Structure formats: C-alpha cells, structure tokens
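Have a look at the structure below before the remarks.
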Amino acid sequence: MSVKFIDIHTHKDYTHFDVIRLYSFRMVPEQAVQPVSGPFACGVHPWDTDTPNLNELLIQLNDYNNLHAIGECGFDKYRGGAFEIQEQAFRYQVNLSERKHKPLIIHCIGYYNELITLYKQLQPTQKWIVHGFNAHPNLAVQLINAGIYLSFGVAMANPLAKAAASIKVVPQNRLFLETDEANCSIQDVYKLAANHRNESVETIKHTIYKSYISLFES
Ligand SMILES: [Zn+2]
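Mapping to this note's numbering: the sequence shown position 65 is 1151, numbers consecutive.
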C-alpha cells in the first residue's frame, strides 16, 4: 500500500499520481453535481442557507449515494441564513453523515462553541473535520478535546495568522491539510505544516494517510 498525500478539501478537480484529493461540491439550486474522478464530498454550504430552495437542496443531497463525505456544511457568522436556519441545515447533514456512514467536512466561522455543543449533544459515530481552520490555539484545543479533527491550508503561510500558531498544538492523529481554493500544491501545504511543526513531510504524510483511511472505517 503506497502512502499518498491527502488533500482533504479542494474545489479544484485535479489529479496527481501521489495525491488523493477529496473534491468538494457545493450544492446549488438547479445545478446537477458534475461527475469527477476520484473521491468527492457534497454538501449545502452555510453561505447557501439563505436560499428559498434550501429544503430541495437538502433532499437533492440525500439522493446522492456514491459520495465519500458530506460537506462542506456548518456555520458562518457573517454569511448565509440566520443561525437557526444554518443549524437546521447542519443537523440534517449530520444525520445524513450518520445514516450513510460518511465523514463530515465542516466550514465554521465563529460559532465554534455552538459546534462543540452540538458535537457533545449528538455524539456522532462519524468523524467531523473542521476545514480551513484559522482561529486561536485555545479554540483548536477545545475542538480537539471534544473529538473533532482540524484541517489547515495556506493561511498558515502568514506567520502572524492564527493558523500558524494553531497548527503547532494539533496532535498528529487529528491533523489534515488542504488546498481549498488556493493556487498552490498540496505538497507545498505539507511543507508549510512540516516547518511550523518541526516534523518531516514524510512523517506527516504517513500519519495523515492513516487518518484518512480511518475516516472510512466506521
Ligand atoms: Zn471550501
């Protein structure tokens, strides 16, 4: 079994022999999901929770069976519908993740305490991954202690970014990396992470690969 780089969250449909990338579709009204090669995730983004077609979107999502993960879904304090609507859409997708036995990719801006409360209340069997984490290390620790995984992207290239400090406190077995919408390679993101954590790219490559495999075991 060859160990590959894992790009846990990307909106670019690319292929590379040494990378497994989890392509992320954002469900939008009246637009069918385009087929891509390799694993993909589908979700109703919190930004889209203010659409009048929200229920149709969620039902449409329910109808997909060959996806590998649910998301991105979650919460955004500054965009999308009211918190109550975002929470409804999120709970629906948590439910899908549990029923379909697929991990959950989460977008969370603000509302971290609410997310942790929901995790403790719902006690999901599937793994939750907060993608694009760029908040304070204290919050990182709280999410980790609750049982949630964190994924980091190019934000940590800025040494002053909170992500640059937070990635240092995440245990190896709770860490993922991603390109999201950035114009860089996942290998570059691994190098950034390795520098911040004082670890080798090879070590990180091995542990993240193991974590990725474990996502699909429950
Ligand atoms: Zn994204």
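We put the CB at the ideal spot given by N, CA and C, even for glycine. No experiment lies behind these values; they were computed from the predicted model shown.
- Rounded to the nearest whole angstrom, the CA to CA distance from Pro1125 to Phe1111 is 11 angstroms.
- With a cutoff of 7 angstroms, His1282 does not count as near ligand 1, since its C-beta is closer than that to no heavy atom of the ligand.
- Asp1162 has its CB no nearer than 7 angstroms to any heavy atom of ligand 1.
- Taking Val1119 as reference, the option from Asn1284, Gln1146, Ile1094, Asp1136 with the minimal CA-CA separation is Gln1146.
- Under the DSSP definition of a beta bridge, Ser1110 partners with Ala1127.
- Where His1193 is concerned, the enclosing beta strand (DSSP E) starts and stops at 1190-1195.
- Ala1226 is positioned such that its CB atom lies closer than 8 angstroms to that of Val1255.
- For the pair of segments examined, the segment 1184-1202 was found not to touch the segment 1268-1282: the number of CB pairs separated by less than 8 angstroms stays below three.
- The beta carbon of His1095 sits closer than 7 angstroms to at least one heavy atom of ligand 1.
- In the DSSP annotation of this structure, the continuous segment of the beta strand (DSSP E) that includes Ala1155 starts and ends at 1155-1162.
- Taking a cut-off of 8 angstroms on C-beta distances, the segment 1144-1161 does not touch the segment 1289-1296, as fewer than three cross pairs fall below it.
- Annotation for Tyr1298: the continuous alpha helix (DSSP H) segment containing it runs 1287-1301.
- Inclusion of Ile1156 and Leu1182 in the CB contact set at 8 angstroms is warranted, their separation being smaller than that value.
- If the five residues before and after Gly1167 are omitted, its C-beta is found closer than 7 angstroms to the C-beta atoms of Thr1135, Asp1136, all from its own chain and listed in chain order.
- For Val1227, the enclosing alpha helix (DSSP H) has its first and last residue at 1223-1232.
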